[in-house]
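Peer 1:
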Amino acid sequence: MPEGMLEPAGSDAVLLAAGAPGSSGETGPERFGPARFSNRELSWLDFGSRLLDLASDDSLPVLERVKFLAIFAEGLDEFFQVRVAGLKEQVDAGLRTRSADGSRPGETLAAVHDRVVELVERQGVVFTDHVTRALAAKGVRMSDWESLTGEDRAFLLDVFQRQIFPVLTPLSVDPGHPFPYISNLSLNLIVHVGDPATGEERVARVKVPPLLPRFVFLPDGERFVPLEQVIAAHLGTLFPEMSIGTHHMFRVTRNADLAIEEDEADDLLVAVELELRRRRFGRAVRLEVASGTSTAVAEMLLGELDLGQEDLYEERAPLGLGGLWSVYALDRPDLHEEVWTPMTPSPLADAGNQPADLFAVLRDRDVLVHHPYDSFATSVESFLAQAAADPDVLAIKQTLYRTSGDSSVVGSLIEAAESGKQVAAVVELKARFDEQNNILWARALEEAGVHVVYGLVGLKTHGKVALVVRREEDGIRRYCHIGTGNYNPRTARQYEDLGLLTADPVLGAEVGDLFNALTGYSRHARYERLVVAPAALRRRVMDLIDAEARAGAAGRIVIKVNGLTDPAVIDSLYRASSAGVPIDLVVRGVCCLRPGVPGLSETISVRSIVGRFLEHSRIYRFGGVGGRSMTILIGSADLMERNLDRRVEVLVPVDDPELQARLVEILDLNLADDCNAWELGAGGSWSRVARLKGVSVQRELEQRALDRARRRREPDSLGTAHLG
């Protein structure tokens, strides 16, 4: 097969030929060759396409469609900063190693370029022809300077003079002023300026200030103008007594992935801070220009940035649509989804719907919390706040991967330390694009007396674990929270996640051992119940898959993750499918497995749920049919090489039958959804599931949370409120 033919390598015809009898000496899934895997990068771009599907869905409130455009734009920025940048580094290094799907780095780059061109064109159509028109129909208009009245222009002139002009710095390009450095993701104008007195012409660059809002709203609060248009209309103020020629918008994306070498990282904090400074000067990997930019200007920019024609993307929509969050934030409830108010989980609320004594509850039973349906504030935040205030609590230990500026979680840790408790925080400085925030929080914690560990060199600590050690009448007891999402109150209202609160002594001891391994110096890697990466997680998951394969058609596997790319795990799933095991996979983003291929994956279905809340929880279910026992785990790990090999991840088994039933209910609703679901075909293409019954997993879970809260508040015939 010729190099560069990614699409044929993923076709049904090639897969069928590869699996034909006698076509290979291999007997397992390996006989299908690289064609059994989809390309990782193209699979992510397919996820971007699903976001654009939602942005173009006129059944959604229009500001929700704006949100999906913003998410797509930000995701594509990160894709170039990390994934495309990495591919370019491989090409520059002369690497020709094939990825699991059989493509070389240069081949993948070419395929990515073609696909991104399609998506960017579609983004422009969705924004310009659909979303802006739908907004205008509701009175929210993106205006351009030419269409504004004199009164509007006077208002924007005042805004320009007071808020914009003082922070602008025009930079001329001439023999005494070389082409300026263009910072990552900055929005810029390239302006042709002439001197009427001498006839000399030059070009200048004007950077759009990144700390100003992307769009400027007019006094009515419902019309807005792109910031660059306000600047462009007043270029004469920046270049007095000069003639202003044409101007064009452009934007540069740079390599922003941190590269910390172990032998350079004697002090991880210093190493991360150094890499953050280097990030500003990363190699350029993409040039975006506004539609209509002249060929001469584009070629000049490509030359100055050391980019090729294949790195140029011409866009019809305004550049930097991640700035649409300011439009999404408009106070127009009629244009948003109805606001969801999380419920206090039934076991954690007293009769007055106030937080209960969590330690008393957990001594009696484990509690499963499901955000945002269950309140993060009255469960996880309350757990840590009660621990901080309780004089019998001796120690608190916690991992922090991402958190928010208004986090009460960090506040509780500081309060606990200041009251004399032993407090340890494993702060992951290498959490991509949150490094600076985490450095600030780490220093604040240290100043309060918290023992801060800055993760581990060579590994990211991605597990979501908190441990509380409490002195009680019968001795020391450990309480734990083990979850799928970050300790971030803000994202807990937007991300779907799960957490287990427990006082199980075995789990408590093992979580204690895990923290000792993270904060001390040991190789403790044997756990009876916790499943921890990188030491044992891949092997444990594959063992569970293999056990279902031995059961054949009586087996059952249902897995919900954000990404599935690990070749070894995928081949295990293929072997289980060949044994007849029914397998349902819910993979929100990247999926390199090909379902429904005869002889390889006939019993596997793959779907993606993309809706109002970001599906973020990871659930692993094995068995549980025909009288067979069920193993079900939740945790932080996706089935991707980075999670299994380069991160500290934690899965925890959920054994309580009532909690298992609730997790099965969540999985079943994911499989029944026909409002927010896409399904993956054998050829690697996604299609939206036909809406037949109108089942939305997210709306159904909202309703069930409301029903549980209502039952708790309703008095029975004796006038007693139900508490569980």
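Heads up: take any position in the sequence shown, counting from 1, add 988, and you land on the working numbering.
Positions of the beta carbon are idealized from the N, C-alpha and C atoms, including for glycine.
With a threshold of 6 Å on Cβ separation, who are the neighbours of L1312 within its own chain once the five nearest residues in sequence on each side are excluded?
Peer 2: Position 324 of the sequence shown, counting from 1, holds the residue named residue 1312. Around L1312: V1054, L1057 and A1058.
Peer 1: Taking just the CA atoms, how far does E1052 sit from Q1386?
Peer 2: Start at 1 with the first residue of the sequence shown, and residue 1386 comes out as number 398. Start at 1 with the first residue of the sequence shown, and residue 1052 comes out as number 64. Those two C-alpha atoms are separated by around 34 Å.
Peer 1: Can you tell me whether DSSP reads E1499 as helix, strand or coil?
Peer 2: For the purposes of this step, residue 1499 is identified with residue 511 of the sequence shown, where counting begins at 1. Correcting the residue identity first, residue 1499 is Val in this sequence and not Glu. In the structure shown, V1499 sits in a helix (DSSP, three-state: H, G or I).
Peer 1: Curious, which full-length alpha helix (DSSP H) runs of at least 4 residues does the stretch 1142-1175 contain?
Peer 2: List check, alpha helix (DSSP H) in window: nothing returned.
Peer 1: For L1486, collect the residues of the same chain with a Cβ closer than 6 Å to its Cβ; drop the 5 residues on either side in sequence, then sort them by chain order.
Peer 2: Within the sequence shown, the letter at position 498 stands for residue 1486. So the qualifying residues of the chain are H1358, T1472, S1605 and I1622.
Peer 1: Going by Cα to Cα distance, which pick from A1413, D1065, R1431 and D1656 is closest to D1245?
Peer 2: Counting from one through the sequence shown, the residue named residue 1245 turns up at place 257. Of the candidates A1413, D1065, R1431 and D1656, the one whose C-alpha sits nearest the C-alpha of D1245 is D1065.
Peer 1: Taking 8 Å as the cut-off, is the C-beta of A1058 nearer than that to any heavy atom in the ligand MN?
Peer 2: Summarising the ligand content, the structure contains no ligands, and the ligand MN is consequently not present.
Peer 1: Please report the distance separating the alpha-carbon of E1139 from that of V1213.
Peer 2: Numbered from 1 along the sequence shown, position 151 holds the residue referred to as residue 1139. Numbered from 1 along the sequence shown, position 225 holds the residue referred to as residue 1213. For E1139 and V1213, the distance between alpha carbons rounds to 14 Å.
Peer 1: Measuring CA to CA, which of L1488, F1347 and S1395 is closest to L1365?
Peer 2: Against the sequence shown, residue 1365 aligns to sequence position 377. First, the residue type needs correcting, since residue 1365 is Ala and not Leu in the sequence shown. Taking only the C-alpha atoms, the option nearest A1365 is S1395.
Peer 1: Go ahead and pull the three-state DSSP assignment for A1192.
Peer 2: Taking the sequence shown and counting its residues from 1, one reaches residue 1192 at position 204. Strand at A1192.
Peer 1: Within a Cβ cutoff of 8 Å, which residues of the same chain sit near D1251, ignoring the five residues on either side of it in sequence?
Peer 2: Taking the sequence shown and counting its residues from 1, one reaches residue 1251 at position 263. Note that D1251 scores 43 on pLDDT, short of 50, meaning its location in the model is unreliable; the coordinates nonetheless yield the value given after this. Nothing meets the Cβ criterion.
Peer 1: Counting only the same chain and skipping the five closest in sequence on each side, list residues whose C-beta sits under 7 Å from that of L1655.
Peer 2: Within the sequence shown, numbered from 1, the residue matching residue 1655 stands at position 667. V1546, K1548, I1607 and R1609.
Peer 1: Determine contact between the stretch 1567-1585 and the stretch 1635-1648, defined as no fewer than three beta-carbon pairs at a distance below 8 Å.
Peer 2: As far as the Cβ criterion goes, the stretch 1567-1585 does not touch the stretch 1635-1648, which means the pair count is below three.
Peer 1: What does a CB cutoff of less than 7 Å around N1658 pick up in its chain, not counting 5 residues either side in sequence?
Peer 2: Reading the sequence shown from its first residue, position 670 is the one you call residue 1658. The answer, listed in chain order, is K1548, V1574, I1597 and V1685.
Peer 1: On the DSSP letters alone, give me the boundaries of the alpha helix (DSSP H) that E1106 sits inside.
Peer 2: Translated into the one-based positions of the sequence shown, residue 1106 becomes position 118. Note, E1106: alpha helix (DSSP H), P1093 to V1113.
Peer 1: On the criterion of 16 or more Cβ atoms from any shown chain inside 10 Å, does I1219 qualify as buried, or is it exposed?
Peer 2: On the sequence shown, position 231 is the one that residue 1219 refers to. Label assigned to I1219: buried.
Peer 1: Using 9 Å as the threshold, is the C-beta distance between M1530 and A1567 below it?
Peer 2: Against the sequence shown, residue 1530 aligns to sequence position 542. Against the sequence shown, residue 1567 aligns to sequence position 579. No; because the gap between Cβ atoms is not below 9 Å, this pair is not in contact.
Peer 1: Rounded to a whole number of angstroms, what is the C-alpha to C-alpha distance between A1124 and F1205?
Peer 2: What you label residue 1124 is simply residue 136 of the sequence shown in a count that begins at 1. What you label residue 1205 is simply residue 217 of the sequence shown in a count that begins at 1. So the alpha carbons of these two residues sit roughly 14 Å apart.
Peer 1: Less than 9 Å between the beta carbons of K1195 and T1157, yes or no?
Peer 2: As a working note, residue 1195 is residue 207 in the sequence shown. As a working note, residue 1157 is residue 169 in the sequence shown. Yes, they are a contact pair.
Peer 1: Are the beta-carbon atoms of R1527 and E1536 separated by less than 9 Å?
Peer 2: For the purposes of this step, residue 1527 is taken as the residue at position 539 of the sequence shown. For the purposes of this step, residue 1536 is taken as the residue at position 548 of the sequence shown. No, the pair does not count as a contact, with Cβ atoms beyond the cut-off.
Peer 1: Can S1026 and R1582 be called in contact, C-beta distance under 9 Å?
Peer 2: On the sequence shown, position 38 is the one that residue 1026 refers to. On the sequence shown, position 594 is the one that residue 1582 refers to. Closer than 9 Å, so yes.
Peer 1: So, with DSSP's three-state summary, where would you put P1333?
Peer 2: Looking up residue 1333 in the sequence shown gives position 345. Looking at P1333 - three-state DSSP - the assignment turns out to be coil, as it is neither helix nor strand.
Peer 1: Mark P1645 as exposed unless 16 or more other C-beta atoms lie within 10 angstroms of its C-beta, in which case mark it buried.
Peer 2: Translated into positions along the sequence shown, residue 1645 becomes position 657. Flag for P1645 reads exposed.
Peer 1: Helix, strand or coil for T1490, going by three-state DSSP, please let me know.
Peer 2: As a first step, residue 1490 must be located in the sequence shown, where it is residue number 502. T1490 falls in the strand class under three-state DSSP.
Peer 1: Applying the 10 Å Cβ sphere with the 16-neighbour rule, what's the burial state of A1317?
Peer 2: The sequence position of residue 1317 within the sequence shown is 329, counting from 1. Its Cβ having fewer than 16 others within 10 Å, A1317 is exposed.
Peer 1: Indicate whether D1294 and R1271 have their beta-carbon atoms separated by less than 9 Å.
Peer 2: Residue mapping note: residue 1294 aligns to position 306 of the sequence shown, counting from 1. Residue mapping note: residue 1271 aligns to position 283 of the sequence shown, counting from 1. Result yes, Cβ atoms of D1294 and R1271 sit closer than 9 Å.
Peer 1: Please check if any C-beta of chain B sits within less than 9 Å of the C-beta of L1033.
Peer 2: Reference to chain B is not applicable here, since this structure consists of a single protein chain.
Peer 1: Let me confirm a value: S1031 is counted as buried when at least 16 other C-beta atoms fall within 10 Å, else exposed. Which label applies?
Peer 2: Position 43 of the sequence shown, counted from the first residue, corresponds to residue 1031. Under this definition S1031 is a buried residue.
Peer 1: Let's see if you can read the secondary structure: which residues bound the beta strand (DSSP E) around M1618?
Peer 2: Position 630 of the sequence shown, counting from 1, holds the residue named residue 1618. Unbroken beta strand (DSSP E) run through M1618: M1618 to G1623.
Peer 1: Give a yes or no on contact between the stretch 1276-1287 and the stretch 1081-1098, applying the rule of three or more CB pairs nearer than 8 Å.
Peer 2: In short, these stretches do not touch, since the Cβ pair count stays below three.
Peer 1: Let me make sure I understand the geometry here. Which of F1167, S1231 and R1193 has the alpha-carbon closest to that of G1187?
Peer 2: As a working note, residue 1187 is residue 199 in the sequence shown. Taking only the C-alpha atoms, the option nearest G1187 is S1231.
Peer 1: How far does the beta strand (DSSP E) with A1537 in it reach, from first residue to last?
Peer 2: The residue you call residue 1537 lines up with position 549 of the sequence shown. It is not in any beta strand (DSSP E) - A1537 instead sits in the alpha helix (DSSP H) that spans L1525 to A1539.
Peer 1: For Q1297, count the other beta carbons within 10 Å of its own beta carbon; 16 or more makes it buried, fewer makes it exposed. Which is it?
Peer 2: As a working mapping, residue 1297 is identified with position 309 in the sequence shown. With fewer than 16 Cβ atoms within 10 Å of its Cβ, Q1297 is classed as exposed.
Peer 1: Taking the alpha helix (DSSP H) that M1288 falls in, what are its first and last residues?
Peer 2: Stepping through the sequence shown from its first residue, residue 1288 is reached at position 300. Taken as a continuous stretch (DSSP letters only), the alpha helix (DSSP H) holding M1288 covers T1283 to L1293.
Peer 1: Rounded to whole angstroms, what is the Cα-Cα separation between F1020 and T1096?
Peer 2: Counting from 1 along the sequence shown, the entry for residue 1020 is found at position 32. Counting from 1 along the sequence shown, the entry for residue 1096 is found at position 108. Taking the straight line joining both Cα atoms gives about 20 Å.
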